[in-house]
Amino acid sequence: MQAVLDSLASRGKLLRPVYVFGVPVCLVALPICFCIVVGAALNVTWLALHFLNSVSEPSAPSRLGKRDSIPRAPATSSAPLLEPILPGVNASIWSLPVLLICLAISGVVHELGHATAARLERITPEKAGVRFYGLLPAFYVALPSQQLSLAPPISKLRILCAGIVHNLLLCLLLALLSARHGLDALGWLEEHTFWQDAGSTGIVLQSISTSTPLASIITVDSVLTHLDDLELHGSHLSGRNHWRRFLLDGPTVYESMGRCFPAREWDLADSTCCQVAQPGGEVCLDSLDDQRQACMLPQYWLDLHVATLDRTTPGRCLEQSDCVSVNDEALLCIAAAPSSNLTRVTYLSSVDGERQTTLYQGDRARLYDTVRVGRLQRRTWARWLVPSALPGALEDFIGQLNSVSLSMAFLNLLTINRLDGAEILKTSWLWLEESHQFLPGGIISRCSTILWRARRQIDRILLRATLPMLTYALAGSLALSLRTRVS
């Protein structure tokens, strides 16, 4: 530890400007973070009222009609501004090890900032260590109280803000490495080693749970090109965004398209499965013309789609007028009923590269949870060397570490006892008192005078209100999240 600090302190000319700049950043961010907590508490209250209102209203029966075929934007959903991540509650229990690793890395980086800044202010840390609260690690650096009390307020501010600055610098570095921002250094490295970018064709199946029926049909490294009629190719993010929105955000115009079907055969079809669910049996279909329903074997519905692509049968339809009679035979526009939970998946097989189509019947959110997709596909010669899910796992880890580091910086900017924010607030008053007499006359001097006179009221609001409002916002968002999932 001391060797690391000595090495960093020897580069003081490079680090000192960063810590100096970090002080005004923290002082500006302190009230902003408090406002975010206030906004989160108000947001939770509004969401709770909205949820109670929506529960009290009777829901209309779900049915597919002509109006459903009109293109429309996906339904938007409001989410809490702040929500805790609790593995096993609102996140997978298997994310706990990754979360603990991210907490450890972010904690070490944070405390390393305090220790390095202290060395630059000629204060030698007495000791450093870690405490465990259950499974949660809490790192700390102990500074000599006598030296710290003799240091000028601005030096204390630089030491207090250094941990937050380190967390923000870590976020910046991770943003440059990620695929969503900046250089995408990790993606460049992967593309030039064992993987290739398949984004122009579709999204790559990187891993799939054996609990889903698709695991026995679609192999890893296959390229998914369509969900129903939605194309999945594009930029490195658009394909995965389409995948997520289609499976999680509800109906879209793509799944509302139907197929023209002979009316004579439709009249002979049975509709029993539409009244009584038959898992693994026939699926229920709707006629967009007269709201009649009929049953059909999933394979027949799939063959009908393939025949439509081959143009050996009449084509697609959004409404009944799109189906023109052929050889005086009347046609109906039919589509899968919402209750059938059918999703058509088109893909390029990783075995032979042939385009194939299969049907998935079940909850779409479950499909999203059990299948991992990405833009990188293993090269053929590397499929025995590296796991297919490695790019996705690395990207998830970078995203998780970024979120944890940013959350740690945010929490330490809140004026809660035993956190950096409360000490920054107290020390900033001492610094303001010390520097007030040296400020030139004008607007800056008058503003500092107003702040100094209102310091007791500001302290009372920030120190007493932050923790209760944060607790209310986090508990409320967690309760709403769990209640929404149950309902």
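For reference, each letter of the sequence shown is one residue, going 1 to 487 in UniProt numbering. We put the CB at the ideal spot given by N, CA and C, even for glycine.
Under 7 Å Cβ to Cβ from residue i, same chain only, skipping five residues before and after it: list those, please.
{"i": "HIS166", "result": "VAL109, HIS110, LEU112 and GLY113"}
{"i": "GLY182", "result": "Confidence at GLY182 is low in this model, with a pLDDT of 48, below 50, so the placement of that residue should be treated as unreliable; the coordinate-derived value is given next. Same-chain partners within the cutoff: ALA175 and LEU176."}
{"i": "LEU342", "result": "VAL283, ALA336, LEU359 and GLN361"}
{"i": "TYR347", "result": "ILE218, SER222, VAL223, LEU224, THR225 and GLN356"}
{"i": "SER77", "result": "A caution first: SER77 carries a pLDDT of 47, below 50, which makes its placement in the model too unreliable to give a value."}
{"i": "CYS323", "result": "CYS260, PRO314, CYS317, LEU331, LEU332 and CYS333"}
{"i": "ALA48", "result": "GLY476 and LEU480"}
{"i": "SER388", "result": "GLN206, SER207, VAL220, ASP221 and ARG378"}
{"i": "PHE410", "result": "CYS33"}
Within the continuous beta strand (DSSP E) that includes residue i, where are the two ends?
{"i": "THR358", "result": "355-361"}
{"i": "ASP286", "result": "283-287"}
{"i": "MET296", "result": "293-296"}
{"i": "PHE410", "result": "It is not in any beta strand (DSSP E) - PHE410 instead sits in the alpha helix (DSSP H) that spans 390-411."}
{"i": "SER207", "result": "203-208"}
{"i": "HIS192", "result": "HIS192 -> no beta strand (DSSP E), and no H or E assigned at all."}
{"i": "GLY258", "result": "258-262"}
{"i": "VAL223", "result": "223-227"}
{"i": "GLY374", "result": "371-374"}
{"i": "LEU136", "result": "136-142"}
{"i": "GLY315", "result": "First-last for GLY315: undefined, no H or E at that position."}
Determine the closest residue to residue i out of the options, with distance taken between C-alpha atoms.
{"i": "PHE34", "options": "PRO84, SER149, MET469 and ALA475", "result": "MET469"}
{"i": "TRP301", "options": "LEU394, ARG344 and VAL141", "result": "ARG344"}
{"i": "residue 488", "options": "LEU285, LEU419 and ARG483", "result": "Beyond the ends of the chain as shown, which are 1 and 487, falls residue 488; an answer cannot be given."}
{"i": "SER271", "options": "CYS295, LEU474 and ASP396", "result": "CYS295"}
{"i": "LEU248", "options": "LEU49, ASP369, PRO153 and ARG378", "result": "ASP369"}
{"i": "GLY281", "options": "TYR19, LEU297 and ILE159", "result": "LEU297"}
{"i": "ARG316", "options": "GLY258, LEU30 and ILE424", "result": "GLY258"}
{"i": "SER106", "options": "LEU96, LEU169, ASP289 and PRO144", "result": "LEU169"}
{"i": "ASP303", "options": "ASN402, LEU478, THR357 and PRO17", "result": "THR357"}
{"i": "TRP431", "options": "ARG158, ALA41, GLY129 and LEU86", "result": "ARG158"}
{"i": "TRP46", "options": "PRO17, LEU81 and GLY88", "result": "LEU81"}
{"i": "VAL276", "options": "GLU319, GLN320, SER339 and LEU401", "result": "SER339"}
{"i": "ILE334", "options": "ASP396, ARG456 and GLU265", "result": "GLU265"}
{"i": "PRO213", "options": "ARG366, LEU173 and CYS323", "result": "ARG366"}
{"i": "ALA263", "options": "PHE397, LEU462 and ASN327", "result": "ASN327"}
{"i": "ILE101", "options": "ALA389, LEU136 and ALA115", "result": "LEU136"}
{"i": "GLN466", "options": "SER238, LEU425 and GLU433", "result": "Checking the sequence, you will find Thr at residue 466 rather than Gln. That would be LEU425, whose Cα lies nearest to the Cα of THR466."}
{"i": "LEU118", "options": "SER92, LEU15 and GLY88", "result": "The sequence shown places Ala at residue 118, rather than the Leu named in the question. Out of SER92, LEU15 and GLY88, LEU15 has the C-alpha closest to the C-alpha of ALA118."}
{"i": "SER405", "options": "CYS273, PHE132, VAL20 and LEU172", "result": "LEU172"}
{"i": "LEU103", "options": "VAL18, GLN147, GLN293 and ILE398", "result": "ILE398"}
{"i": "PRO144", "options": "GLU121, ASP459 and GLU434", "result": "GLU121"}
{"i": "ARG375", "options": "SER238, SER428, VAL44 and SER95", "result": "SER238"}
{"i": "ARG464", "options": "ARG483, ILE416, ALA162 and GLU434", "result": "ILE416"}
Would residue i be called buried (16 or more neighbouring beta carbons within 10 Å of its own) or exposed?
{"i": "GLY22", "result": "buried"}
{"i": "TRP208", "result": "In the sequence as presented, Trp is not what sits at residue 208; that position holds Ile. Per the 10 Å Cβ criterion, buried."}
{"i": "SER149", "result": "exposed"}
{"i": "SER59", "result": "Confidence in SER59 is poor, its pLDDT being 46 and thus under 50, which makes the residue's placement too unreliable to answer from."}
{"i": "GLU126", "result": "exposed"}
{"i": "THR210", "result": "exposed"}
{"i": "ASN412", "result": "buried"}
{"i": "HIS192", "result": "exposed"}
{"i": "ILE123", "result": "buried"}
{"i": "PHE139", "result": "buried"}
{"i": "PRO97", "result": "exposed"}
{"i": "THR471", "result": "exposed"}
{"i": "GLU329", "result": "exposed"}
{"i": "PRO71", "result": "Because the pLDDT of PRO71 is 36, which lies under 50, any placement of that residue in the model is unreliable, and the question is left without a value."}
{"i": "ASP286", "result": "buried"}
{"i": "GLY392", "result": "buried"}
{"i": "GLN299", "result": "exposed"}
{"i": "ARG240", "result": "buried"}
{"i": "PRO74", "result": "Residue placement at PRO74 cannot be trusted, given a pLDDT of 39 that sits under 50; the coordinates are not used to answer."}
Can you list, in chain order, the residues of its chain with a C-beta nearer than 6 Å to that of residue i? Leave out the 5 residues immediately preceding and following it.
{"i": "GLY442", "result": "With a pLDDT of only 49 at GLY442, under 50, the local geometry of the prediction cannot be trusted, and the value read off the model is given with reservation. The answer is none, since no qualifying residue turns up."}
{"i": "ALA29", "result": "LEU413"}
{"i": "GLN377", "result": "GLN196, ALA198, VAL204 and ASP221"}
{"i": "ASP289", "result": "GLN320 and LEU332"}
{"i": "ALA382", "result": "PHE194"}
From what residue to what residue does the alpha helix (DSSP H) around residue i run?
{"i": "CYS161", "result": "153-177"}
{"i": "GLY107", "result": "96-120"}
{"i": "GLY239", "result": "238-248"}
{"i": "CYS323", "result": "CYS323 -> no alpha helix (DSSP H), and no H or E assigned at all."}
Looking only at its own chain, which residues have a Cβ that is under 8 Å from the Cβ of residue i, when we skip the five neighbours before and after it?
{"i": "TRP243", "result": "ILE203, LEU224, LEU227, LEU232, TYR368 and VAL373"}
{"i": "THR219", "result": "LEU205, SER349, SER350 and VAL351"}
{"i": "ASP363", "result": "ASN341"}
{"i": "GLY39", "result": "LEU81"}
{"i": "SER325", "result": "LEU331"}
{"i": "GLU83", "result": "ASN90, LEU474, SER477, LEU478 and SER481"}
- 3 or more residues per run - each beta strand (DSSP E) lying fully within the segment 332-356: 342-348
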